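S.K.:
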Amino acid sequence: MIRCSISLPFVLLTVLSVHNLFCQNMLPIQQDTTLFKNNELIISGVADYQSTSIGKDITKSFMYGGFITDEMKGQTSAKQQLINRFGFDINGEIQYKNHRSHIFKDSTKGFLVKYGIYNFSAIEHSEDVFDLLFYGNSAFIGDTAVIMGSRFDSYTFQKIGLGWFDKYSKSSFTLNAIGVHNMLSGRVEEGSLYQSSSIDSVDLSLIAQYRRSNTNTLSGYGFAVDIDYRFDMPKSEGEKIYFQVLMRNLGIICLPKVRSYSINSKLHFDAYSIEDLLNASAILNDTEATFDSFADSSSANTEWRLLPALFQFTKLVDRSSSRKIQGFYGARAYLSSSFMPMFFSGIDYHPSKWYRLGLQASFGGFSNLRWGMYSAIDFGRFSLGLASENLFSRTGESIILRISCLF
Numbered sequence: 014m015i016r017c018s019i020s021l022p023f024v025l026l027t028v029l030s031v032h033n034l035f036c037q038n039m040l041p042i043q044q045d046t047t048l049f050k051n052n053e054l055i056i057s058g059v060a061d062y063q064s065t066s067i068g069k070d071i072t073k074s075f076m077y078g079g080f081i082t083d084e085m086k087g088q089t090s091a092k093q094q095l096i097n098r099f100g101f102d103i104n105g106e107i108q109y110k111n112h113r114s115h116i117f118k119d120s121t122k123g124f125l126v127k128y129g130i131y132n133f134s135a136i137e138h139s140e141d142v143f144d145l146l147f148y149g150n151s152a153f154i155g156d157t158a159v160i161m162g163s164r165f166d167s168y169t170f171q172k173i174g175l176g177w178f179d180k181y182s183k184s185s186f187t188l189n190a191i192g193v194h195n196m197l198s199g200r201v202e203e204g205s206l207y208q209s210s211s212i213d214s215v216d217l218s219l220i221a222q223y224r225r226s227n228t229n230t231l232s233g234y235g236f237a238v239d240i241d242y243r244f245d246m247p248k249s250e251g252e253k254i255y256f257q258v259l260m261r262n263l264g265i266i267c268l269p270k271v272r273s274y275s276i277n278s279k280l281h282f283d284a285y286s287i288e289d290l291l292n293a294s295a296i297l298n299d300t301e302a303t304f305d306s307f308a309d310s311s312s313a314n315t316e317w318r319l320l321p322a323l324f325q326f327t328k329l330v331d332r333s334s335s336r337k338i339q340g341f342y343g344a345r346a347y348l349s350s351s352f353m354p355m356f357f358s359g360i361d362y363h364p365s366k367w368y369r370l371g372l373q374a375s376f377g378g379f380s381n382l383r384w385g386m387y388s389a390i391d392f393g394r395f396s397l398g399l400a401s402e403n404l405f406s407r408t409g410e411s412i413i414l415r416i417s418c419l420f
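Heads up: the sequence shown begins at 14 in the working numbering, then just goes up one per residue.
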């Protein structure tokens, strides 16, 4: 049994992430061509983690504290695949739209101001990594653990943007200034560990790189654009189908003084245990010291990187349609090799003027098949939506919130 605990700052970060971060991923996305004559405030947010194989009971133990039992480890170990993925997407936006303004010559254009904060973390690992970290070398007596191909990336950043939107189609363009709080990345190009059958020696072969941004409050800066393009196609006489092409955080960042570590080693240990060699708590609590002890070389350089931008294509739900049931579908991808393209489809049911709900299925991303549900109320000047893209999975959870107010 493993006892997991986390520091108070991480607890506070988790609480703030759930209650104060806002984003724009709710499905289904609705299209409303009504011409508003008010100001509009939109607050939306998501907290989502998903995995192909790691049980959410283990993830919860690390996030909130608790025990990891042998049963929990055994269930997750049995699910390990040749390539396994795990990812966090905790991010959000608050947006102000001015529908009254006439600062553009074209009276159909309004301006918007946006603020967002994001954390995107992706892990990709081989099937032996989980057993190596949770069981140590005891799982590989007389055998070799392969960790080649494992990688991770994590970005935490915020933005503030100014842009314009079309008052009818709701298409928009925003230019954002980016401030990066933290960046971590690592690659294992070649890696294996052999435990002798007599348990008297361990051989480790490792070629890997690890990078992290400086530890200042602001460790990097850059710019990005958000593009929300909406268009329609005729379906039948007097009826149209609406689509959205969304690109969010498409940009580049500069990271001064990125500390890089390079490891190219073949090591032999006599009467040594992998629990001492690769102690999971030591790695998580003091990553820099751990890599300092293993690294063959280290350096500090300025790096330019692309942000993990979101790309999404969606067939929208038409709020002005008289149909009680509408379908929606689409695809989502992030600028990350660990995130597989995700495809989704579902139905939206509108039983009354002020209430609607939706059901959906998706496949891809950091996990496999997921089921979701959406529910929303609309009172004209105020609307509230709550959703989850991951209701029944044993390897992930998600919650999505959207609030809109006209004033």
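Idealized CB from N, CA, C, for every residue including glycine.
Remember, predicted model here, so these are calculated numbers, not experimental data.
To the nearest angstrom, how far is it from the Cα of residue 155 to the Cα of residue 221?
M.R.: The residue labelled residue 155 in the question sits at position 142 within the sequence shown. The residue labelled residue 221 in the question sits at position 208 within the sequence shown. Cα to Cα, the separation comes out at about 24 Å.
S.K.: Can you find the residues in the same chain that come closer than 6 Å, C-beta to C-beta, to residue 128, ignoring five residues on each side of it along the sequence?
M.R.: Taking the first residue of the sequence shown as 1, we reach residue 128 at position 115. Closer than 6 Å at Cβ, skipping near neighbours: 107, 173.
S.K.: When we look at the beta-carbon of residue 287 and count the other beta-carbons within 10 Å, is it buried (16 or more) or exposed?
M.R.: Within the sequence shown, residue 287 is the residue found at index 274, counting from 1. Confidence in residue 287 is poor, its pLDDT being 48 and thus under 50, which makes the residue's placement unreliable; the coordinate value appears in the next sentence. Burial call: buried.
S.K.: If we ignore side chains and look at the alpha-carbon of each, how far apart do residue 91 and residue 68 end up?
M.R.: Counting from one through the sequence shown, the residue named residue 91 turns up at place 78. Counting from one through the sequence shown, the residue named residue 68 turns up at place 55. Computed Cα separation, rounded: 11 Å.
S.K.: Restricting to Cα atoms, I'd like to know which of 255, 370, 319 is closest to residue 261.
M.R.: Residue mapping note: residue 261 aligns to position 248 of the sequence shown, counting from 1. The candidate whose alpha carbon is nearest that of residue 261 is 319.
S.K.: Measuring straight from C-alpha to C-alpha, what distance separates residue 353 and residue 115?
M.R.: Position 340 of the sequence shown, counting from 1, holds the residue named residue 353. Position 102 of the sequence shown, counting from 1, holds the residue named residue 115. Their backbone Cα atoms lie some 43 Å apart in a straight line.
S.K.: Are the beta-carbon atoms of residue 333 and residue 242 separated by less than 8 Å?
M.R.: To locate residue 333, count along the sequence shown from 1; it is residue 320. To locate residue 242, count along the sequence shown from 1; it is residue 229. Not a contact, by the Cβ cut-off of 8 Å.
S.K.: On the premise that residue 383 lies in contact with residue 406, defined as a C-beta separation below 8 Å, what is that separation, rounded to the nearest angstrom?
M.R.: Start at 1 with the first residue of the sequence shown, and residue 406 comes out as number 393. Start at 1 with the first residue of the sequence shown, and residue 383 comes out as number 370. Confirmed, Cβ separation roughly 6 Å.
S.K.: When the Cα atoms are used, what is the spatial distance from residue 195 to residue 249?
M.R.: For the purposes of this step, residue 195 is taken as residue 182 along the sequence shown, with counting starting at 1. For the purposes of this step, residue 249 is taken as residue 236 along the sequence shown, with counting starting at 1. Distance between the alpha carbons of residue 195 and residue 249 is about 50 Å.
S.K.: Determine which residues share a DSSP beta bridge with residue 203 and list them.
M.R.: For the purposes of this step, residue 203 is taken as the residue at position 190 of the sequence shown. Per DSSP, 220.
S.K.: Would you mind sorting residue 10 into buried or exposed? The rule is 16 or more other CB atoms within 10 Å of its CB.
M.R.: Residue coverage of the chain in this structure runs from 14 to 420, which leaves residue 10 outside it and unanswerable.
S.K.: With a Cβ-Cβ cutoff of 8 Å, do residue 163 and residue 138 count as a contact?
M.R.: Translated into positions along the sequence shown, residue 163 becomes position 150. Translated into positions along the sequence shown, residue 138 becomes position 125. Yes. Within cutoff.
S.K.: If you reduce the DSSP assignment to three classes, tell me which class residue 408 lands in.
M.R.: The residue you call residue 408 lines up with position 395 of the sequence shown. The answer is coil: DSSP assigns residue 408 none of H, G, I, E or B.
S.K.: Which of the three DSSP states is assigned to residue 88 in this structure?
M.R.: For the purposes of this step, residue 88 is taken as residue 75 along the sequence shown, with counting starting at 1. Residue 88 falls in the helix class under three-state DSSP.
S.K.: Tell me the residue span of the alpha helix (DSSP H) that contains residue 71.
M.R.: Your numbering for residue 71 matches position 58 in the sequence shown. Looking at the DSSP string, the run of the alpha helix (DSSP H) that includes residue 71 is 69 to 77.
S.K.: Compare the Cα-Cα distances from residue 81 to each of 53, 148, 211 and report the closest residue.
M.R.: The residue labelled residue 81 in the question sits at position 68 within the sequence shown. Taking only the C-alpha atoms, the option nearest residue 81 is 148.
S.K.: Can you give the Cα-Cα distance for residue 113 and residue 180, rounded to whole angstroms?
M.R.: Here the question's residue 113 lines up with position 100 in the sequence shown. Here the question's residue 180 lines up with position 167 in the sequence shown. When rounded, the distance between both Cα atoms is 10 Å.
S.K.: In the DSSP assignment, find the unbroken beta strand (DSSP E) run with residue 244 in it and report its ends.
M.R.: Sequence index remark: in the sequence shown, residue 244 carries index 231 (1-based). Counting along the chain, the beta strand (DSSP E) containing residue 244 begins and ends at 233 to 249.
S.K.: So for residue 152, helix, strand or coil by DSSP?
M.R.: Here residue 152 refers to the residue found at position 139 when the sequence shown is read from its first residue. Taken through DSSP and simplified to helix, strand or coil, residue 152 comes out as helix.
S.K.: Is it the case that the Cβ atoms of residue 238 and residue 186 are separated by a distance below 8 Å?
M.R.: Mapped onto the sequence shown, residue 238 falls at position 225. Mapped onto the sequence shown, residue 186 falls at position 173. Yes, the pair counts as a contact, with Cβ atoms nearer than the cut-off.
S.K.: Between which two residues does the beta strand (DSSP E) containing residue 138 stretch?
M.R.: Within the sequence shown, numbered from 1, the residue matching residue 138 stands at position 125. In the DSSP assignment, residue 138 falls within the unbroken beta strand (DSSP E) covering 122 to 139.
S.K.: Report the three-state DSSP secondary structure of residue 143 (helix, strand or coil).
M.R.: By one-based count along the sequence shown, residue 143 stands at place 130. Residue 143: helix per DSSP, three-state reduction.
S.K.: Could you tell me if residue 78 is buried or exposed, where buried requires 16 or more neighbouring beta carbons within 10 angstroms of its beta carbon?
M.R.: As a first step, residue 78 must be located in the sequence shown, where it is residue number 65. Per the 10 Å Cβ criterion, exposed.
S.K.: For residue 166, does the three-state DSSP call read helix, strand or coil?
M.R.: Counted from its first residue, the sequence shown places residue 166 at position 153. Under the three-state reduction of DSSP, residue 166 is assigned to strand.
S.K.: Please tell me whether residue 393 and residue 374 are closer than 8 Å, where the distance is taken between their beta carbons.
M.R.: Position 380 of the sequence shown, counted from the start, is the residue given in the question as residue 393. Position 361 of the sequence shown, counted from the start, is the residue given in the question as residue 374. No; because the gap between Cβ atoms is not below 8 Å, this pair is not in contact.
S.K.: Using three-state DSSP, classify residue 83 as helix, strand or coil.
M.R.: Numbered from its first residue, the sequence shown carries residue 83 at position 70. For residue 83, the three-state secondary structure derived from DSSP is helix.
S.K.: In the DSSP output, what is residue 366 paired with across the bridge?
M.R.: On the sequence shown, residue 366 is found 353 positions in, with the first residue counted as 1. None; residue 366 has no bridge partner.
S.K.: In chain order, what residues of the same chain have a beta carbon less than 7 Å from the beta carbon of residue 244, not counting five sequence neighbours either side?
M.R.: As a first step, residue 244 is located in the sequence shown; it is residue number 231 there, counting from the start. Result list for residue 244: 256, in chain order.
S.K.: Check each candidate in 396, 395, 402, 378 and name the one with the smallest Cα separation from residue 387.
M.R.: Within the sequence shown, the letter at position 374 stands for residue 387. The shortest C-alpha separation from residue 387 is found at 402.
S.K.: Over the uninterrupted beta strand (DSSP E) stretch that includes residue 103, give me the two end residues.
M.R.: In the sequence shown, the residue the question calls residue 103 occupies position 90. From DSSP, the beta strand (DSSP E) with residue 103 extends over 96 to 111.
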